[in-house]
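Residue numbers (this note's numbering): 463 to 655. Right, one structure below, let's go through it.
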Ligand SMILES: [Zn+2]
């Protein structure tokens, strides 16, 4: 049963032991497989406020107490959806490259959207989306605003009309320039995370 109340998804999740995390991971993957087009799920989306999430793009990945330890300055925009908000589609701003550590993985895991394989972009966005859930952050907090209000050194890098964006519709997917995206979103293209 997937939680669809925004208020419940705004709480931070607590750290968990690897053993308990693995059990939660199994439940999450089971729930994810029953969803329609879902590629990721966080424990608080099924009412468990513990730091566990799963991603299933190229292969199933369980992350226990994950944290992003490096992220690129380069960002890109992506049409996102969420299993907790099935009626919403928004454009978000995400880091192009991230490095993640988790208690159930030795060493670091790298994810990059800067790849010819479209699944790498899905995976990179999905990991950021799921770790956000564990911190009580939803995709709405990452929404790309056409004209960022923040200026100066800490402002997000401006996204050009030629920046590349990835979209899916059913089993089809495409990477294309941002200036061409707008009309396609109206035509039913999206991404479910
Ligand atoms: Zn979500």
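By construction, the Cβ of each residue, glycine as well, lies at the ideal position given by its N, Cα and C atoms. Remember, it's a predicted structure, so these values are computed and weren't measured experimentally.
Does at least one heavy atom of ligand 1 sit under 6 Å from the Cβ of residue i?
i, result
"residue 515", "no"
"residue 544", "yes"
Count the other C-beta atoms from every protein chain shown that fall within 10 angstroms of the C-beta of residue i, then say buried if there are 16 or more, exposed otherwise.
i, result
"residue 601", "buried"
"residue 522", "exposed"
"residue 549", "exposed"
"residue 531", "exposed"
"residue 603", "exposed"
"residue 588", "buried"
"residue 620", "Note that residue 620 has pLDDT 48, beneath the 50 cutoff, so the model's placement of it is unreliable and no number is given."
"residue 477", "exposed"
"residue 637", "exposed"
"residue 520", "exposed"
"residue 585", "buried"
"residue 488", "exposed"
Please report the Cβ distance between residue i and residue j, rounded to the nearest whole angstrom; I am assuming they are in contact, meaning their Cβ atoms lie under 8 Å.
i, j, result
"residue 534", "residue 558", "5 Å"
"residue 516", "residue 494", "6 Å"
"residue 552", "residue 507", "Not quite, the Cβ-Cβ distance comes to about 17 Å (not below 8 Å), so this is no contact."
> Any chance the stretch 561–569 sits against the stretch 475–489, with 3 or more Cβ pairs inside 8 Å?
Replying inline: Under the Cβ criterion (8 Å, minimum of three pairs), the stretch 561–569 counts as touching the stretch 475–489.
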